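Chains as they are written, first to last, in the UniProt record's numbering: chain A, 1 to 250; chain B, 1 to 250. Here's the structure, in structure tokens; my notes come after.
There are 2 protein chains.
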Amino acid sequence: MTETVDTTGTAGTSTAAPASAAHGTEPSAGTAAAAEPAAPRPGLRERKKRRTRNALLRAALELFVSQGYERTTVDEIAGAVDVSQRTFFRYFAGKEDAALFLQRLTESHFIAAVRERPPHEAPLEALRRAVLESWDTIGEAIEEVVPIELHMRTYRLIESTPALLAVHLRRSEEIEEEIARLIAEREGLDVDTDPRPRIAVAVFGGVMRVTGRLWGAGEDTSVAAIRELTATYLDHVGPALAEKWGTAPR
Amino acid sequence: MTETVDTTGTAGTSTAAPASAAHGTEPSAGTAAAAEPAAPRPGLRERKKRRTRNALLRAALELFVSQGYERTTVDEIAGAVDVSQRTFFRYFAGKEDAALFLQRLTESHFIAAVRERPPHEAPLEALRRAVLESWDTIGEAIEEVVPIELHMRTYRLIESTPALLAVHLRRSEEIEEEIARLIAEREGLDVDTDPRPRIAVAVFGGVMRVTGRLWGAGEDTSVAAIRELTATYLDHVGPALAEKWGTAPR
DNA sequence: GAGGCTAGTGACAGCCGCTGACAATTGACA
DNA sequence: TGTCAATTGTCAGCGGCTGTCACTAGCCTC
């Protein structure tokens with residue numbers, strides 16, 4: 001069920017095309033997975049593949065960000081890296097897939113962070129700490145692939161491009177389902193009987209989306225800004241659900 | 001800002017193509033709108049247009065539902081109604097637009113319902129009553145266009161078709177923004193200063209999405225089922241946010 | 001270190017969604 | 001009935017995406 005984005009390109013003994021029909025992903029340490037002997041040897045072939053993929057990704061993001069997503073053609077991207085259009089599609093399932101690649105990376109980071117929260121924390125607290133924590137650590141992972149600055153601009157692009165936003169939101173929902181199961185597990189509940197895990201996660205996800213949107217729309221694109229927005233908004237969940245709102249809070 | 005789905009086809013003195021580049025929508029009684037003298041004369045031309053649109057819509061939904069969204073081509077839909085492909089695109093912005101047409105209809109019903117809630121109700125209560133109420137009244141409006149049974153099946157299709165679900169979720173987000181503004185207005189707050197309206201709506205929307213998904217995945221597709229699911233899940237928001245979950249609730 | 005194996009790539013060909021442009025038809029209205 | 005404007009069909013074409021097939025280049029074995 002869990003899919004972790006493969007940043008290293010160490011796809012082990014891959015069987016089919018570059019990344020078996022796009023995605024550049026590999027199943028890994030999820031709910032259950034066979035133990036893998038870490039990453040022993042890169043291999044020239046793999047390195048080359050990885051370089052091509054990163055080059056494509058970077059070219060794509062730069063073009064998207066500079067001239068807009070819709071106005072960028074796959075031919076352009078492929079051309080910028082000097083490979084055939086067909087090759088692009090061997091690395092990415094489509095334009096969207098390339099545009100959202102880094103999102104997937106951050107998502108898997110977040111999920112991992114949730115997994116590592118100590119079990120005594122209340123669900124919402126665990127989620128809260130997990131996000132705040134991942135905001136701090138995700139940077140490095142991204143920098144391995146493309147400059148973070150490019151990632152920031154890509155994020156804003158996604159928020160403002162209907163086609164991308166749509167797919168991004170769908171992904172979010174999938175992740176919510178996954179996290180709901182995680183939470184249910186933590187609490188020893190059956191996700192199909194007890195509504196609370198899914199509700200808690202939906203609430204949390206809703207707030208995350210609002211903050212993400214506001215962050216993307218605002219001026220300050222620093223990590224500090226998103227951290228603070230997140231914390232503030234989470235703090236307001238209680239008041240927002242109160243019976244009567246005084247005209248007071250904030 | 002508000003767009004109401006035009007079921008009647010009474011587009012007044014339309015200026016351009018059938019529905020000016022798709023959507024079949026018309027601006028109407030929203031935050032502010034000029035008073036219109038109701039709907040005086042259908043006019044043969046209008047009626048014909050409306051018939052064509054409904055025929056296309058129905059053919060599209062039936063094909064989608066019976067053979068799948070992706071496997072249905074626009075040519076097929078147009079062919080089923082015996083019009084040119086080009087004509088289809090004059091009535092709908094695309095395949096997606098046709099598939100989600102009824103969703104838009106229900107959405108505008110919901111928004112209208114929210115507008116009509118008495119101002120003394122607390123935000124979440126107003127939202128709750130608005131949904132439950134619209135579940136009861138939306139049926140008729142839909143039946144005017146296609147059999148409700150077809151709509152139900154379409155709903156399930158949307159939930160299970162990634163491309164459609166994505167767009168549906170994006171729409172939902174837009175609607176949340178609109179409702180957040182409505183709520184802020186009700187409460188006399190500034191939506192850009194006070195986080196509560198957006199948060200409350202996000203929470204509400206999150207729960208709605210969960211219930212919608214579960215409903216679509218379940219067996220009982222009756223209105224009664226969705227009503228009950230909705231009510232139950234909304235009741236669980238409080239408990240889900242509690243610090244400690246006893247293994248009790250439900 | 002030569003040869004075989006196979007992953008990765010390029011070059012086509014082709015389907016499908018969608019759009020612009022223009023001509024032909026048809027309802028609306030004087 | 002004739003003019004005007006709204007609808008529609010036809011044609012041409014772009015761009016995303018996929019299947020196929022031959023070719024090149026790492027990789028592995030003997």
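In this text, a Cβ means the ideal position worked out from N, Cα and C, and glycines have one as well. Only a predicted model underlies this, so the values are computations on that prediction, with no experimental measurement involved.
| Check | Outcome |
| --- | --- |
| Do L132/B and A224/B come within 8 Å of each other at the CB atom, strictly closer than that value? | no |
| Quick one: is K244/A near chain B, going by C-beta distance under 8 Å? | yes |
| Y233/A lies in the alpha helix (DSSP H); which residues open and close that run? | 223 to 235 |
| Rounded to a whole number of angstroms, what is the C-alpha to C-alpha distance between R181/B and R71/A? | 32 Å |
| Between A21/B and chain A, is there a C-beta pair that is closer than 8 Å? | Confidence in A21/B is poor, its pLDDT being 41 and thus under 50, which makes the residue's placement too unreliable to answer from. |
| Which of the three DSSP states, helix, strand or coil, is assigned to T25/B? | The predicted model places T25/B with a pLDDT of 39, which falls under 50 and marks its position as unreliable; any figure quoted below should be read in that light. Correct three-state label for T25/B: strand. |
| With a 10 Å radius around its C-beta and 16 neighbouring C-beta atoms as the bar for buried, classify P123/A as buried or exposed. | buried |
| Would you call A59/A buried or exposed, if buried means 16 or more other Cβ atoms sit within 10 Å of its Cβ? | buried |
| State yes or no: is the beta carbon of I199/A nearer than 8 Å to at least one beta carbon in chain B? | yes |
| Cβ closer than 7 Å: which chain B residues qualify as neighbours of G188/A? | T247 |
| Of all Cβ atoms in chain B, is any one closer than 8 Å to the Cβ of G68/A? | no |
| If you follow the alpha helix (DSSP H) that P162/A is in, where does it begin and where does it stop? | 162 to 187 |
| Note the first and the last residue of the continuous alpha helix (DSSP H) segment covering F89/B. | 85 to 91 |
| Contact check, Q85/B vs D75/B under 8 Å by CB: the rounded distance? | 5 Å |
| Looking only at its own chain, which residues have a Cβ that is under 8 Å from the Cβ of R115/B, when we skip the five neighbours before and after it? | L182 |
| By DSSP, does A113/A sit in helix, in strand, or in coil? | helix |
| Which residue wins for smallest C-alpha separation from N54/A, given the options V81/A, T211/A, L189/A, H168/A? | V81/A |
| If you check the beta carbons only, do F64/B and A93/B fall under 8 Å apart? | no |
| Taking 8 Å as the threshold, find out whether the stretch 184 to 193 of chain A comes into contact with the stretch 227 to 242 of chain B through three or more Cβ pairs. | no |
| Put E62/B into one of helix, strand or coil per three-state DSSP. | helix |
| Taking Cβ-Cβ distances shorter than 8 Å, what residues in chain A pair up with A113/B? | Those do not exist, as A113/B stays about 20 Å from chain A at its closest Cβ, beyond 8 Å. |
| L157/B and E62/B: beta carbons closer than 8 Å? | no |
| In the DSSP assignment, the alpha helix (DSSP H) including K244/A goes from what residue to what residue? | Per DSSP, K244/A belongs to no alpha helix (DSSP H) and is neither H nor E. |
| Tell me, to the nearest whole angstrom, how far the beta carbon of A166/A is from that of R170/B; I am working on the premise that it is less than 8 Å. | 4 Å |
| So I199/A and A163/B are supposed to be a Cβ contact under 8 Å. How far apart are they, rounded? | Contact flag wrong, Cβ pair sits at about 27 Å. |
| What residue range is occupied by the uninterrupted alpha helix (DSSP H) comprising A122/B? | Careful: A122/B lies outside any alpha helix (DSSP H) and carries neither H nor E. |
| Where do the ends of the alpha helix (DSSP H) carrying L100/A lie? | Note, L100/A: premise wrong, no alpha helix (DSSP H); not H, not E. |
| Got a sec? Which residues, its chain only, sit under 8 Å from T154/A by beta carbon, not counting five neighbours each side? | L61, F64, V65, A99, L102 |
| Check T137/A in the structure and name its three-state DSSP category. | helix |
| Take A29/B and list the residues in its own chain whose beta-carbon comes closer than 6 Å to its own, dropping the five residues that flank it on each side. | Residue placement at A29/B is flagged as unreliable, the pLDDT there being 33, under the threshold of 50; a coordinate-derived value is accordingly withheld. |
| Comparing the C-beta of G206/A with each C-beta of chain B, is any distance below 8 Å? | yes |
| If the criterion is Cβ atoms closer than 8 Å, does the pair V203/B and G206/A meet it? | yes |
| Quick one: does E26/B have its CB under 8 Å from some CB of chain A? | Its pLDDT being 38, under 50, E26/B is placed unreliably in this model, and the coordinates cannot settle the point. |
| I want to verify the contact list: residues of chain B whose CB lies under 7 Å from the CB of E219/A, in sequence order. | Going along chain B, no residue has its Cβ under 7 Å from E219/A, so there is no contact; the nearest lies around 14 Å. |
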